[in-house]
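Undergrad: All letters in the sequence shown, in the order written, are residues 5 to 118 by the working numbering.
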Amino acid sequence: MEKCLFCEIAEKRIDSKIVYEDEKVVAFKDIYPQAPVHVLIIPKKHISGVTSLEEGDRELVGHMFIVSQQLAKDFSVYQCGFRLIVNSGPDAGQAVDHIHMHLLGGRTLQWPPG
Ligand code: AMP
Ligand code: ZN
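#1: Taking His67 as the reference, which of Tyr36, Trp115, Asp19, Tyr24 has the closest Cα?
#2: Any heavy atom of the ligand AMP closer than 8 Å to the CB of Lys48?
#3: Taking Cβ to Cβ, would you say Leu88 is nearer than 9 Å to His102?
#4: Alpha carbon to alpha carbon, what distance is there between Val90 and Val100?
#5: Are the beta-carbon atoms belonging to Val41 and Phe79 less than 9 Å from one another?
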């Protein structure tokens with residue numbers, strides 16, 4: 005079975021620019037940044053996406069949001085604003101089947117997204 009790219013990043017078998025890590029999550033810079041600040045927050049546990057979340061993942065998902073606060077401060081977008089995005093499935097363009105939260109900021113973001 006093919007290895008999951010983001011599991012490999014979390015386990016540091018593939019290089020990435022990790023900007024935050026604790027026992028539950030890892031955050032790293034997106035390789036194709038769509039804004040001056042573009043960080044991905046992932047759980048260390050493999051969850052393929054939003055539709056695979058289970059009751060027991062509530063705390064983990066909440067933790068990802070709390071971590072986003074700290075990252076927004078670290079990247080100086082806490083006050084000016086930032087966007088959190090979780091794509092789910094083909095229509096949303098989910099390309100990696102390991103749940104991830106995009107943190108985007110550092111410029112004015114358009115709405116609605118394309
Ligand atoms: P999504 O389209 O929501 O599945 O987002 C996947 C994101 O992963 C995209 O923004 C990619 O640029 C990013 N990505 C893919 N491979 C890597 C990698 N090796 N390191 C960092 N980010 C990556
Ligand atoms: Zn994975």
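Note that CB positions come from ideal geometry on N, CA and C, so glycine has one too. This one's a predicted model, so the numbers in the text were calculated from it and none came from an experiment.
TA: With the structure as the only source:
#1: Tyr24
#2: no
#3: no
#4: 11 Å
#5: yes
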